[in-house]
Amino acid sequence: MLTLEKDNFLSYLKNIKQYSAHTLKGYDRDLGKLVEYLSEQHKTAWKEVKEHDVRTFINAERRRGLSPRSIQRLLSSCRTYFEFLLSEGLIKLSPAQNISSPKLSQLLPKAMDTGLLFKDFLILNLKVP
Numbered sequence: 019m020l021t022l023e024k025d026n027f028l029s030y031l032k033n034i035k036q037y038s039a040h041t042l043k044g045y046d047r048d049l050g051k052l053v054e055y056l057s058e059q060h061k062t063a064w065k066e067v068k069e070h071d072v073r074t075f076i077n078a079e080r081r082r083g084l085s086p087r088s089i090q091r092l093l094s095s096c097r098t099y100f101e102f103l104l105s106e107g108l109i110k111l112s113p114a115q116n117i118s119s120p121k122l123s124q125l126l127p128k129a130m131d132t133g134l135l136f137k138d139f140l141i142l143n144l145k146v147p
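The working numbering puts the first residue of the sequence shown at 19, with every later residue one more than the last.
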C-alpha cells in the first residue's frame, strides 16, 4: 500500500508537474528510503505514520552519516509527498510539517593567493598596489 501511493505521486510529478528525470530519480530514492524504513516499523498505510515516525527516520539517516544538506533534501521530499497525500485525502495531517531542517554551516570565502593576484595584475597590465 505504501509503495502504490509513492508510485502515484511520482507519476503525478512526471505527468502533471513535468519534473525532470533527475528530480524524479531524487524523489524516488528519498521516498524509497522512507517506505523501506516505515515497512520495517510495520506501517502499512500512510494514515498510520506520525510525526515521531518521520523524526526517527530522519535521525536514523543522520546516524548513517547523511550530510545536513542531504537531510534537508530528504525532509523536503517527505514534506512535498505528505502535502500530496493531504491533497488526495489519504491523510488528515502532514507528519512532517513541524519538523525543522538542520542548519547548514556557512562556508567562509577563501583568501586569494597573493602570488596569483600579483600575476593577474601583471597580465592585466595594472599597477601593483
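Note that the Cβ used here is the ideal one computed from N, Cα and C, for glycine as well.
- Excluding its 5 nearest sequence neighbours in each direction, residue 44 has C-beta neighbours in its own chain below 8 Å: 91, 95, listed in chain order.
- When rounded, the separation of the alpha-carbon atoms in residue 20 and residue 54 is 9 Å.
- 69 is the residue among 69, 124, 86 whose C-alpha sits nearest the C-alpha of residue 111.
- Taken through DSSP and simplified to helix, strand or coil, residue 53 comes out as helix.
- In this structure, the CA atom of residue 121 is about 23 Å from the CA atom of residue 41.
- For the options 82, 106, 129, the alpha carbon positioned closest to that of residue 65 is the one of 106.
- The criterion of a C-beta distance shorter than 8 Å is satisfied by residue 100 and residue 114.
- Within the same chain, 52, 55 come within 7 Å of residue 75 by CB-CB distance, once the 5 residues on both sides are set aside.
- For residue 78 and residue 136, the gap between their C-alpha atoms comes out near 50 Å.
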